[in-house]
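What follows is a short report on a single structure.
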């Protein structure tokens, strides 16, 4: 009666079919939310308020127009835009054609943008008026003759356009009843994000639908977001697709509060006016809020949750956030891991600790996301995990479905990144006895002085403790005797003063003497668009000292 | 420079590897939670309290022992147990061997259990002392000569064992350092659940790791569970693997509060003592709590969330739950959909409505889970969706990753269930203009009287409104003139009385006359172990009237 086999009874007649197997994609999230909560606000931008039904209508129209204009499976559509509603919409509309969304860092220069447009083989570019100038230059440099879609934004003073075609034309052309593409394979590319690349040409990180789906849910799970978050766009959407949050907010039936420029006043205004519950940003954003005038901070009585990454939030910042009633979650990830994939999962017992102890615990990057399957700190050669002693440094490795497909048209870099079946992050960390990891440095940022490794992050941590210091970055300075010595670049707080000698003495009083900087340079620090200090520039400066 | 193709730049050198592709499985959840929250309580059972570290240790030991005893890929391990810690543990330990967990309904008779053991080709059976008698009989009937593992429970008065081998032996034999099996393929079977089958032989529903993973997360997302739920096991774990909640609680780093018997007193005691935040159950469980003495209900000040399914919670029950401060979520699913896959997603605005209106809205099964990709009500022949008018009936169809692989060794039933690329639920429903669905009946429960369809659920809804009625079930009674007429079986509340004529008059006053029952039979109703009224028994009775 039964078909028996050498294998197992489960190997027979239990195959995939259209009813029981569906490609995982975040595109289903917006479809569902628009159907269930059509009148709920999806997007706020100045005076513009659009419901999920309206947003879904616009998204379908744009997808339809893109398809009619020939965008299809595996074709790149580049976008240069700020955190405006159209930028949110293309996170759905482009993949709904089968195409791949390539959001470009808006602070890149024309050469870098031209490189990306060519490397990505962009078939179309969508441009926000704020960046029309640099986009036009980039297109000229690239020599690409592709359709340009101008987003028109009445709130943007300079209405410069490249040609005459507009996003509104797409809306007018598109038919919301056209069929859109549920991916045939969840492994299909959904987006392409170029790493900011401190040196050399940027690399194109390819995301797939499966990863975008699962990390979007991971954000809800590990941040404990609940339903209907009101999310403020302080984090650029061009950055790892806004850490997957456009898709997360769609899944959670939340509201996206758009924001062109990260300034304290509009942030506080929107937190109050829109009752913002969640936002993300580098510690520099938190610092901006902490240092805002008291009057601006008043009048917030609801709970606000912040996710921060890029560097550990200093104790003083955490204390200011605490006073505001803002709850800070520290996360970590890379462009290659869809944004955050590691989180400093909090323990309720830790709430009873004093602020400095809390800050020490929260400075750690933490543990894997629920949807990340492997995280380890290990020897970069042997892949042997380091002991969990809080001291032995190793490289951070990731494994799981929220790790990129690879670098576009760059098999050698992909192979290197995936050697041994783990993604090599290039970040150096220790593991504490409780399994939480803490980053000590980027591999390339480590300073080797007299044969001893010095973590630039450790030295920076001490500098940040000095009351006059606003920001600090430590790099290696070539030295005949020691090989390298630590060289600190320091920005001071408004009105604060301190001498080089005093600051070095402060460091020596707080750490092993050989780790203390030998040189200090005062001034403001060069940063990437996401608030990361550009150490490669400082490293060049240090060489020239 | 670039490899170009007829297809797309994304088709090259961006393949799956161990770093970026990992089989989705709920087994990673317990590993992660035990690592991050080792001292947090995982399981409570009477005086037994075990942390996640202890539970994970036990799970690894049991998995190791099962492997050493030869359990491997695609082999069935059957379990007959109540909601006790060992039952929770085997949800991880068995799949960690590559084996398939077959939890058996503990209220089945020996013949039915014997059928399952044979059909599932069980290689081992794990037995709770409460069910040792029936298990022994079933094994005898089945003729299977397989290892029997006795769970020993000091709190269970009758320590009957089948043979001498015990779960403690597995714990003693197993080595927690043995490697366990992360599934090579997320499509591999994780469990086998036999449908209660109102007639004919039960069918074995096969779940895979992918579906168990995604529906476990779906529970957190759509119930808005947050982190660290304290979950009371009022729902049998043998029932669709407890609606995937063993895996959900592991993912959410919660606590499983075990419970052998569903009685009001221990439920209220545990809610208070353990500060239970969540539990699930059929409306009969809610009714049990609503009708408990007031003294028992006192002393609960924290929020308790209940998920209910199987039938719509009546207004009176919802009102009682409201008074207790219990929040009720109405969900719907089948064994074939990993338990709940549809939920009556609540709108905050609805909180302002009066209780009867709230009950009317909440009686609807609702909308698809975030992780279910398709839900429709359609013509069972043409698969044409019905209009969303709240009136036109159709069959409910599911599509997505939380739909079963199929029925074990039953390709014809699987093919029928999946015809047209949708899972045919056999439930009849309408769709309201807002897209929410409401079940009107099982296909086979519909009554056809004088050519008119009568929904048995609609008639029952009216009966439940009568103050004397505790429970009601309506089935077709064969009739020479009308073909069929509605026949109601009614259980009255303690001390309440009503005549057949009065109750029929009450129905006629509240609905179309042709729908009112022609016959009423008073008495208590036969139920399945999960609280579902067994209409097939009543149908037989009605035939004999």
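Residue numbers (this note's numbering), protein chains in the order written: chain Y, 3 to 547; chain X, 3 to 547. A virtual CB, placed ideally from N, CA and C, is assigned to each residue, including glycine. Please read these numbers as outputs of a predicted model, since none were measured by experiment.
Could you pull out every residue in the same chain whose Cβ sits closer than 6 Å to the Cβ of residue i, ignoring the five residues on either side in sequence?
{"i": "residue 392 of chain X", "result": "432 and 434"}
{"i": "residue 2 of chain X", "result": "Residue 2 of chain X falls outside the range modelled here, since chain X spans only 3 to 547, and no answer is possible."}
{"i": "residue 3 of chain X", "result": "In this predicted model, residue 3 of chain X has a pLDDT of only 36, less than 50, meaning its place in the structure is not dependable; the value taken from the coordinates is given anyway. Same-chain partners within the cutoff: there are none."}
{"i": "residue 448 of chain Y", "result": "455"}
{"i": "residue 213 of chain X", "result": "340, 403 and 404"}
Suppose the cutoff is 7 Å on Cβ atoms and the five residues either side in sequence are ignored; what does the same chain contact list for residue i look like?
{"i": "residue 148 of chain X", "result": "124, 125, 126 and 127"}
{"i": "residue 222 of chain X", "result": "250, 253 and 254"}
{"i": "residue 91 of chain Y", "result": "57, 60, 61 and 64"}
{"i": "residue 139 of chain Y", "result": "112"}
Using beta carbons (cut-off 8 Å, strictly below), is residue i in contact with chain Y?
{"i": "residue 32 of chain X", "result": "no"}
{"i": "residue 123 of chain X", "result": "yes"}
{"i": "residue 406 of chain X", "result": "yes"}
{"i": "residue 369 of chain X", "result": "yes"}
{"i": "residue 425 of chain X", "result": "yes"}
{"i": "residue 57 of chain X", "result": "no"}
{"i": "residue 387 of chain X", "result": "no"}
{"i": "residue 16 of chain X", "result": "yes"}
{"i": "residue 91 of chain X", "result": "no"}
{"i": "residue 363 of chain X", "result": "no"}
{"i": "residue 156 of chain X", "result": "no"}
{"i": "residue 119 of chain X", "result": "no"}
{"i": "residue 10 of chain X", "result": "yes"}
{"i": "residue 234 of chain X", "result": "no"}
{"i": "residue 270 of chain X", "result": "no"}
With respect to the alpha helix (DSSP H) encompassing residue i, which residues constitute its N-terminal and C-terminal limits?
{"i": "residue 217 of chain Y", "result": "211-225"}
{"i": "residue 140 of chain Y", "result": "134-144"}
{"i": "residue 173 of chain Y", "result": "169-175"}
{"i": "residue 115 of chain Y", "result": "112-121"}
{"i": "residue 324 of chain X", "result": "317-325"}
{"i": "residue 64 of chain Y", "result": "54-70"}
{"i": "residue 85 of chain Y", "result": "Note, residue 85 of chain Y: premise wrong, no alpha helix (DSSP H); not H, not E."}
Roughly how many whole angstroms lie between the Cα atoms of residue i and residue j?
{"i": "residue 105 of chain Y", "j": "residue 191 of chain Y", "result": "14 Å"}
{"i": "residue 233 of chain Y", "j": "residue 422 of chain Y", "result": "38 Å"}
{"i": "residue 511 of chain Y", "j": "residue 429 of chain Y", "result": "28 Å"}
{"i": "residue 195 of chain X", "j": "residue 256 of chain Y", "result": "36 Å"}
{"i": "residue 137 of chain X", "j": "residue 157 of chain X", "result": "19 Å"}
{"i": "residue 94 of chain Y", "j": "residue 76 of chain Y", "result": "15 Å"}
{"i": "residue 258 of chain Y", "j": "residue 84 of chain Y", "result": "13 Å"}
{"i": "residue 411 of chain Y", "j": "residue 208 of chain Y", "result": "10 Å"}
{"i": "residue 506 of chain Y", "j": "residue 367 of chain Y", "result": "28 Å"}
{"i": "residue 282 of chain Y", "j": "residue 216 of chain Y", "result": "19 Å"}
Hey, quick one: how far does the beta strand (DSSP E) through residue i stretch, first residue to last?
{"i": "residue 429 of chain Y", "result": "425-433"}
{"i": "residue 394 of chain Y", "result": "Residue 394 of chain Y -> no beta strand (DSSP E), and no H or E assigned at all."}
{"i": "residue 493 of chain Y", "result": "485-494"}
{"i": "residue 377 of chain X", "result": "374-380"}
{"i": "residue 282 of chain Y", "result": "280-283"}
Residues in its own chain within less than 8 Å of residue i by CB, not counting five upstream and five downstream?
{"i": "residue 384 of chain X", "result": "none"}
State yes or no: is the beta carbon of residue i nearer than 8 Å to at least one beta carbon in chain X?
{"i": "residue 276 of chain Y", "result": "no"}
{"i": "residue 26 of chain Y", "result": "yes"}
{"i": "residue 279 of chain Y", "result": "no"}
{"i": "residue 497 of chain Y", "result": "no"}
{"i": "residue 102 of chain Y", "result": "yes"}
{"i": "residue 241 of chain Y", "result": "no"}
{"i": "residue 396 of chain Y", "result": "no"}
{"i": "residue 437 of chain Y", "result": "yes"}
{"i": "residue 372 of chain Y", "result": "yes"}
Tell me whether residue i counts as near the ligand GDP, meaning its Cβ is closer than 7 Å to at least one heavy atom of that ligand.
{"i": "residue 175 of chain X", "result": "Absent from the structure shown: the ligand GDP. Ligands present: none."}
Would residue i count as contacting chain B if we go by Cβ distances under 8 Å?
{"i": "residue 179 of chain Y", "result": "Protein chains Y and X are contained in the structure displayed, whereas chain B is not."}
Inset, instruction - Would you check if the region 454-466 of chain Y and the region 493-500 of chain Y touch, i.e. whether three or more CB-CB distances between them fall below 8 Å? - result: no
Inset, instruction - Evaluate the contact criterion for the region 321-337 of chain X versus the region 294-313 of chain X: three or more CB pairs, one atom per stretch, below 8 Å. - result: yes
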